[in-house]
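First comes the structure, then the notes that go with it.
Number of protein chains: 2
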Amino acid sequence: MYLLMKNLILSILVLFSALETHATIQTQTVDYQQGGTTLEGFLAYDDTISGKRPGVLIVHQWMGLTDYEKMRAKMLAQIGYVAFCADIYGKGNQPQSIKEAGALAGKYKSDRKLLRDRVNAGLDELKSNDLVDPTRVAAIGYCFGGTTVLELARSGADLNGVVSFHGGLDSPTPADGKNIKCKVLALAGANDPFQKPDDLAAFEKEMRDSGVDWQIVFYGGAVHAFTQFDVDKYNLPGAKYNEKADKRSWQAMKDFFAEIF
Amino acid sequence: MYLLMKNLILSILVLFSALETHATIQTQTVDYQQGGTTLEGFLAYDDTISGKRPGVLIVHQWMGLTDYEKMRAKMLAQIGYVAFCADIYGKGNQPQSIKEAGALAGKYKSDRKLLRDRVNAGLDELKSNDLVDPTRVAAIGYCFGGTTVLELARSGADLNGVVSFHGGLDSPTPADGKNIKCKVLALAGANDPFQKPDDLAAFEKEMRDSGVDWQIVFYGGAVHAFTQFDVDKYNLPGAKYNEKADKRSWQAMKDFFAEIF
Numbered sequence: 287m288y289l290l291m292k293n294l295i296l297s298i299l300v301l302f303s304a305l306e307t308h309a310t311i312q313t314q315t316v317d318y319q320q321g322g323t324t325l326e327g328f329l330a331y332d333d334t335i336s337g338k339r340p341g342v343l344i345v346h347q348w349m350g351l352t353d354y355e356k357m358r359a360k361m362l363a364q365i366g367y368v369a370f371c372a373d374i375y376g377k378g379n380q381p382q383s384i385k386e387a388g389a390l391a392g393k394y395k396s397d398r399k400l401l402r403d404r405v406n407a408g409l410d411e412l413k414s415n416d417l418v419d420p421t422r423v424a425a426i427g428y429c430f431g432g433t434t435v436l437e438l439a440r441s442g443a444d445l446n447g448v449v450s451f452h453g454g455l456d457s458p459t460p461a462d463g464k465n466i467k468c469k470v471l472a473l474a475g476a477n478d479p480f481q482k483p484d485d486l487a488a489f490e491k492e493m494r495d496s497g498v499d500w501q502i503v504f505y506g507g508a509v510h511a512f513t514q515f516d517v518d519k520y521n522l523p524g525a526k527y528n529e530k531a532d533k534r535s536w537q538a539m540k541d542f543f544a545e546i547f
Numbered sequence: 287m288y289l290l291m292k293n294l295i296l297s298i299l300v301l302f303s304a305l306e307t308h309a310t311i312q313t314q315t316v317d318y319q320q321g322g323t324t325l326e327g328f329l330a331y332d333d334t335i336s337g338k339r340p341g342v343l344i345v346h347q348w349m350g351l352t353d354y355e356k357m358r359a360k361m362l363a364q365i366g367y368v369a370f371c372a373d374i375y376g377k378g379n380q381p382q383s384i385k386e387a388g389a390l391a392g393k394y395k396s397d398r399k400l401l402r403d404r405v406n407a408g409l410d411e412l413k414s415n416d417l418v419d420p421t422r423v424a425a426i427g428y429c430f431g432g433t434t435v436l437e438l439a440r441s442g443a444d445l446n447g448v449v450s451f452h453g454g455l456d457s458p459t460p461a462d463g464k465n466i467k468c469k470v471l472a473l474a475g476a477n478d479p480f481q482k483p484d485d486l487a488a489f490e491k492e493m494r495d496s497g498v499d500w501q502i503v504f505y506g507g508a509v510h511a512f513t514q515f516d517v518d519k520y521n522l523p524g525a526k527y528n529e530k531a532d533k534r535s536w537q538a539m540k541d542f543f544a545e546i547f
């Protein structure tokens, strides 16, 4: 009897949920500034939700802010967050080739001070949004963006957590681990050929020595860029989409958010 | 309006769920046999659920089948599974001290053939239960039990997945990795002093080389036995309960089950 009633009620609930999915996800391009440079971000949220809600910053991979990150922003908006894609490279500085992407990502990876300033500008922009509860904020990043959100944490930024998806893990300034105030989740391909074992060991040592609340997941069979469904078009050895690892890592992120928000 | 209706319906649903929690979890001790030895297992299920459902085998830590594993069985029954705690050591062979536990666990760890036979007997017992859908079965294990469920997988057993909670990871017969038909999830303390790095590397190599669908999660700050709330009573250096890692690993197991069942 209970089961019958429960099923009936569940059916009604599913119907209402279906009606709700007609909600349009609102998106907009947002210009903001850092150190005299104009950056072009991208905002996504569900306008049927009222009131402040958690905010998620998304940091792009080495090709800059592309449709891929915008899709992730919309996916996050669909599950109730305000999502904001940061722009690290600057408006109009989208790389046109892998070579240009390598040069730009390299520039920021070797100037961590500038990288931290850029990503913090994105975080500030997100937190100042009227729809965002600034006490419930996280940052996620893909590849280059994964490295970047870890630098955001090391900068001492005030947020609840960071998630790196197949980010390059290293530890250029191990002492900065002690600045980390947020929880750290690293999601990695167990077969990622771009991840140098020594860098990984140094990252883990930094996390351990700093007493950070950290976790790392390795997905068997996954190589670099395993969440990027469009990566195969670059024909880059060692980088490949992996649907299983993509879904599992998205679930791991959702569990992490459920814990920290 | 939708939101109001949805909240109303959700409230009714919560009420029914609350009524449902009055369901008694049924438990029973089950004697079964392997190679002429009587083993004493423990079964738990929710008798308000009708029909066949997924089954989960639980393999104990080195102290044998204790109230800890029985609690996990009841927790699994509460979320809808038929849970069966295997007995590896045999009826009446419960270790009375850490010394005895070490000797017994050591005996089975050095006789993997016997260990596989024992754990397979438990799996068969679970699968033959009328409430279990034998096409949806997994095995989980703690410490010694984690090592054991990996041997179950290597034996070529027909099940959907195995989960090791702080199990000793090693690879005594790497060629047997190719027998693994199920998915593998290893949940490990990032600071577990009992996990030898060489053994871990060998385990990972076996998984990689065999093309197994595997994942490993390391929980920062967690040492050995991080899910065992009662481990502190043994005052064992390097083994400690860690509530955060306990909750996260339980969630990881639930996500895994949602995928494989």
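Here the protein sequences line up with chains L and X, keeping their order. The first sequence begins at 287 in the numbering used here and counts up one residue at a time. The second sequence begins at 287 in the numbering used here and counts up one residue at a time. C-beta: ideal position from N, C-alpha, C; glycine also. Bear in mind that the values here come from a model prediction, so they are computed numbers and not experimental data.
Closer than 6 Å by C-beta to residue i: which residues in its own chain qualify, once you throw out the five before and the five after it? Chain order, please.
| i | result |
| --- | --- |
| glutamine 501 of chain X | Leu471 |
| methionine 287 of chain X | With a pLDDT of only 44 at methionine 287 of chain X, under the threshold of 50, the placement of this residue in the model should not be trusted, and no figure is reported. |
| proline 479 of chain L | Gly524 |
| alanine 387 of chain L | Trp348, Met349, Pro381 |
| glutamate 355 of chain L | Ile344, His346, Cys371 |
| phenylalanine 515 of chain X | Tyr527 |
| alanine 391 of chain L | Trp348, Phe430 |
Any idea which residues DSSP pairs residue i with across the strands?
| i | result |
| --- | --- |
| glycine 447 of chain L | L/Ala424, L/Lys469 |
| alanine 330 of chain L | L/Thr313, L/Ala369 |
| glutamine 501 of chain X | L/Tyr505, X/Leu471 |
| glutamine 320 of chain L | L/Thr323 |
| alanine 407 of chain X | DSSP, once it has assigned bridges, lists no residue as partnering alanine 407 of chain X. |
| glycine 341 of chain X | X/Val368, X/Val423 |
| valine 418 of chain X | X/Arg339 |
| histidine 510 of chain L | L/Ala525 |
Spatial neighbours of residue i within its chain, please: C-beta separation below 7 Å, excluding the five flanking residues on both sides.
| i | result |
| --- | --- |
| phenylalanine 489 of chain L | Leu455, Asp456, Ser457 |
| valine 546 of chain L | The residue you asked about is not valine; residue 546 of chain L is isoleucine in the sequence shown. So the qualifying residues of the chain are Ala424, Asn446, Gly447, Lys469. |
| lysine 338 of chain X | Leu417, Val418, Asp419 |
| glycine 321 of chain X | Asp403 |
| threonine 434 of chain L | Val345, Ile374, Leu401, Val405, Gly427 |
| phenylalanine 542 of chain L | Gly447, Val449, Leu471 |
| arginine 534 of chain X | Tyr505 |
| aspartate 444 of chain X | Lys467 |
Roughly how many angstroms lie between the CA atoms of residue i and residue j, to the nearest whole one?
| i | j | result |
| --- | --- | --- |
| proline 460 of chain L | leucine 412 of chain L | 28 Å |
| glycine 475 of chain X | cysteine 429 of chain L | 25 Å |
| lysine 467 of chain L | aspartate 410 of chain L | 16 Å |
| isoleucine 318 of chain L | lysine 399 of chain L | This sequence places tyrosine at residue 318 of chain L; isoleucine is not what is there. Cα to Cα, tyrosine 318 of chain L sits roughly 19 Å from lysine 399 of chain L. |
| phenylalanine 370 of chain L | valine 449 of chain L | 15 Å |
| glycine 463 of chain L | lysine 540 of chain L | 24 Å |
| threonine 334 of chain X | aspartate 353 of chain X | 24 Å |
| lysine 482 of chain X | glycine 453 of chain X | 12 Å |
| glutamate 492 of chain L | glutamine 314 of chain L | 38 Å |
| leucine 473 of chain X | threonine 310 of chain X | 30 Å |
| arginine 422 of chain X | glycine 366 of chain X | 13 Å |
| glutamate 326 of chain L | valine 503 of chain X | 36 Å |
| leucine 289 of chain L | serine 336 of chain X | Note that leucine 289 of chain L has pLDDT 49, beneath the 50 cutoff, so the model's placement of it is unreliable and no number is given. |
| asparagine 477 of chain X | aspartate 495 of chain L | 11 Å |
| leucine 522 of chain X | isoleucine 384 of chain X | 9 Å |
| serine 396 of chain L | aspartate 532 of chain X | 38 Å |
| phenylalanine 451 of chain X | arginine 358 of chain X | 12 Å |
| glutamine 537 of chain L | tryptophan 536 of chain X | 14 Å |
| leucine 486 of chain L | serine 414 of chain X | 45 Å |
| leucine 438 of chain X | lysine 519 of chain L | 40 Å |
| alanine 407 of chain X | valine 517 of chain X | 28 Å |
| lysine 393 of chain L | glycine 432 of chain L | 16 Å |
| alanine 389 of chain L | proline 340 of chain L | 34 Å |
| leucine 351 of chain X | leucine 436 of chain X | 18 Å |
Can you tell me the Cβ-Cβ gap for residue i and residue j, rounded? I've got them flagged as a contact below 8 Å.
| i | j | result |
| --- | --- | --- |
| glutamine 312 of chain X | tyrosine 331 of chain X | 6 Å |
| threonine 323 of chain X | glycine 376 of chain X | 5 Å |
| glycine 506 of chain X | aspartate 484 of chain L | Not quite, the Cβ-Cβ distance comes to about 19 Å (not below 8 Å), so this is no contact. |
| asparagine 465 of chain L | glycine 442 of chain L | 4 Å |
| leucine 329 of chain L | valine 316 of chain L | 5 Å |
Output, in chain order, the set of chain B residues within a Cβ distance shorter than 7 Å of residue i.
| i | result |
| --- | --- |
| phenylalanine 504 of chain X | Of the protein chains in this structure, namely L and X, none is chain B. |
Meets three-Cβ-pair contact criterion under 8 Å: the stretch 527-537 of chain L and the stretch 504-514 of chain L: yes
Three or more C-beta pairs under 8 Å: does that hold for the stretch 352-365 of chain L against the stretch 409-425 of chain L? no
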